[in-house]
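A short write-up of the structure that comes next.
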Amino acid sequence: MKNRNKTIVTLGLLLFMGFASIAQKQKQQPNILFIAIDDINDWVSPLEGNIQAITPSMDKFTKEGAMVFKNAVCAAPICGPSRSALLSGFLPSTSGVYGNAHNMLYSDIVKENATLPEYFSKNGYHTLANGKIFHKHGTANGTDFGHWAFNEFARARRYNNDPVDKKRYTSSKAGIINGKRNADFASKESKLSWGPTTDSFKETVDYTVADWAKTQLQRDFDKPFFMGVGFIKPHLPWIVPQEFFDLYNLDSIVSPIVNETDLDDILTTDGKKAYKATGEYKWIKKHGLEKEATRAYLASISYVDACLGIVIDALEESKYANNTIVVVWGDHGWHLGEKQRYLKNTTWLEAVKTPLFVRVPDMKKAIVVDKNVSLIDLYPTLIELSGLPKKQNLDGHSFASLIDNPKAKWDYPGITITQDGTSVLLGKWHYMITVDGTEQLYNIEKDPLEWENLILDKSYKSIVDNLSKWVPKNRHKSSKVRFKKMKNYVDAPADPTLRATRKLAKLN
Ligand SMILES: [Ca+2]
Ligand SMILES: [Ca+2]
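For the sequence shown, the numbering used here assigns the number 1140 to the initial residue and increments by one for each residue that follows.
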């Protein structure tokens, strides 16, 4: 009897210790606040990509404690494949997701592996999101918002863009400049548009997403959380409240320098010019709208910065302030005239570099990191920082060691993959090759605008040999897989059948 009592006491103690350790582990496991910004380039002030940018929330956030990755790259320089790579943990060359028309749910490897939020959910986290985290796709039954990847998915934002003040609207496609319509203004080859919205700041889409996050941060969670907050600006159209345009004086705006002979030294293997000016560039130049476009993009950056500030302030006022990892990331960069183009989806620095800031609890200052980390590295990094089991088959590498020591060894280049090429960024060297063999090499320390293509200079052969080793040799060929979609899927509700296709217990 005595022994039995002793056993019961011991068992009870062990059980108590077991619960205590689970409770302690839960207490120690950090929450994740995962904030995505769409189409934002390195013009934000912590990255010093454009000294005109007014981004006080990012300045405050980074100065009060965050890793500032100065040379981070995206895995793909366009929304869908960039997000698919980050969230699946597999490069486009592994998954076959190269374009916005490719839904990763059709990728063999994604079918078998948990995406980042699913992995957190599998391992004891409560996951929730609002706004654009995954890229959206049409399906036969509605829209795939990536809602299946979260325990809770809110969709507070309206489906359409914020309404524009028609008297101040500019649209290349509609042939309208500052509210004046003229057939000569129209360009079928350009899709730029901007102007102030008639809505107040608090009525805009990204504000409602920020406000949702603020509300969630006042909740009690019985598990650590993974919260996705997805902002849609500065993605086109650049329609934001007038107050953000007013931050910038049009007359004194400085637009990026454009070298009109820049593309002449990028040649295909049979000696032809590989690139030419795009429709957007020609349209802006024809109508002299360089400053207007630059201001509209800057206004959109300042707008999203204000929305970001709402979320960060809400976190700092919440009980989660000291046990939450905050990640702020952009999905890829953007051209504003450089290389005679606007938009994205190139392998030049303007498109492959992207903002990335990471705060872990107890950071009290900005820590600048110059290594070439990639958004593909976030999956292994976040699971390591949260103490989740290591996942063996991911394409990225955890940069958790850089958080302890920004000078730690990190020899990986930043690799960015497009439908038809690869960019390898390593220190001062930037190498690019297309699938049909057009190559470029730049020394970005001496030539940050990438004007002088060094590829024909044989003295750089060993550098090219070293960088080209990182170009994926066997690109996955399933890139032609496209989704079947219903008409007007953007206005359709979330496809209710998708969640059942993702059985968490069966996913690696
Ligand atoms: Ca994007
Ligand atoms: Ca050039």
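The C-beta atom is built at its ideal place from N, Cα and C for all residues, glycine as well.
DSSP-derived helix/strand/coil call for residue i
i: A1288; result: helix
i: I1248; result: helix
i: K1164; result: At K1164 the pLDDT is 49, less than 50, meaning the model places this residue with poor confidence; the figure from the coordinates comes in the next sentence. Looking at K1164 - three-state DSSP - the assignment turns out to be helix.
i: S1618; result: Any reading at S1618 is ruled out, since the residue's pLDDT is 48, under 50, leaving its predicted position unreliable.
i: I1464; result: strand
i: W1333; result: strand
i: L1406; result: strand
i: A1325; result: coil
i: A1445; result: helix
i: T1194; result: coil
i: K1124; result: With the chain represented from 1140 up to 1647, any question about residue 1124 goes unanswered, as that position is not in the structure.
i: T1309; result: strand
Whole-angstrom C-beta distance between residue j and residue i, which should lie under 8 angstroms
i: D1444; j: M1243; result: Going by Cβ atoms, the distance from D1444 to M1243 rounds to 29 angstroms, so no, they are not a contact pair.
i: E1584; j: K1567; result: 4 angstroms
i: I1174; j: V1467; result: 5 angstroms
i: K1373; j: S1332; result: As written in the sequence, residue 1373 is Pro, which differs from the Lys given in the question. That pair is no contact at about 13 angstroms.
i: Y1436; j: Q1479; result: Going by Cβ atoms, the distance from Y1436 to Q1479 rounds to 17 angstroms, so no, they are not a contact pair.
i: P1231; j: P1220; result: 5 angstroms
i: A1349; j: C1446; result: 4 angstroms
i: I1392; j: R1434; result: 5 angstroms
i: L1533; j: G1228; result: 4 angstroms
Rounded separation between residue i and residue j - CA only
i: G1277; j: N1299; result: 15 angstroms
i: L1267; j: P1519; result: 20 angstroms
i: D1403; j: L1488; result: 18 angstroms
i: G1472; j: L1428; result: 21 angstroms
i: S1260; j: F1289; result: 8 angstroms
i: D1452; j: P1195; result: 12 angstroms
i: A1224; j: I1176; result: 16 angstroms
i: D1301; j: I1371; result: 11 angstroms
i: K1341; j: K1327; result: 34 angstroms
i: P1500; j: S1310; result: 44 angstroms
i: P1363; j: Y1481; result: 41 angstroms
i: K1141; j: D1361; result: Bear in mind that the predicted position of K1141 carries a pLDDT of just 43, short of 50, making it unreliable; the figure below should be weighed with that in mind. Their Cα atoms are separated by approximately 39 angstroms.
i: A1162; j: I1464; result: Here A1162 scores only 48 on pLDDT, less than 50, and its place in the model should not be relied on; the value that follows carries that caveat. About 19 angstroms.
i: H1286; j: Y1581; result: 41 angstroms
i: W1590; j: Y1245; result: 39 angstroms
i: G1235; j: G1318; result: 43 angstroms
i: T1347; j: T1337; result: 16 angstroms
i: Y1264; j: G1369; result: 19 angstroms
i: L1475; j: T1557; result: 19 angstroms
i: R1307; j: H1536; result: 47 angstroms
i: K1477; j: D1401; result: Before going further, note that residue 1477 is Glu rather than Lys in the sequence given. Going by the C-alpha atoms only, they are around 9 angstroms apart.
i: L1172; j: T1486; result: 29 angstroms
i: N1647; j: Q1168; result: 21 angstroms
i: A1352; j: K1600; result: 51 angstroms
i: H1426; j: K1411; result: 29 angstroms
i: H1569; j: V1563; result: 6 angstroms
i: L1637; j: G1281; result: 10 angstroms
i: Y1459; j: T1640; result: 33 angstroms
i: H1241; j: K1199; result: 37 angstroms
i: A1293; j: L1454; result: 19 angstroms
i: G1553; j: F1496; result: 16 angstroms
From the options, residue whose alpha carbon lies closest to that of residue i
i: D1178; options: P1500, T1636 and V1491; result: V1491
i: L1389; options: D1361, T1354, A1432 and G1369; result: A1432
i: R1498; options: G1535, K1510, L1541 and L1527; result: L1541
i: T1407; options: E1578, D1350 and K1202; result: E1578
i: P1611; options: A1438, V1574, S1391 and I1522; result: V1574
i: V1303; options: P1380, N1532 and K1530; result: P1380
i: V1507; options: P1545, F1324 and V1603; result: P1545
i: K1415; options: D1409, I1405 and K1424; result: I1405
i: D1385; options: A1547, A1192 and F1365; result: A1192
i: K1430; options: G1448, I1396 and R1320; result: I1396
i: L1521; options: Y1570, G1469, E1203 and P1256; result: P1256
i: G1188; options: T1640, N1170 and K1209; result: K1209
i: P1632; options: A1279, E1251, K1202 and K1199; result: A1279
i: V1512; options: A1211, I1315 and V1183; result: A1211
Residue i Cβ short of 8 angstroms to ligand 4 heavy atom set
i: T1400; result: The model depicted lacks ligand 4 and carries ligand 1 and ligand 2 instead.
Opposing strand residues paired with residue i [DSSP bridges]
i: N1582; result: W1568
i: H1474; result: L1482
i: M1206; result: V1497 and I1506
i: I1366; result: Note that residue 1366 corresponds to Met in the displayed sequence, not to Ile. M1366 pairs with L1172 and L1267.
i: P1380; result: T1336
i: K1319; result: I1316
i: G1560; result: T1557 and T1573
i: G1277; result: T1282
i: V1212; result: K1492 and S1513
i: V1303; result: T1336
i: G1469; result: I1176
i: K1412; result: L1406
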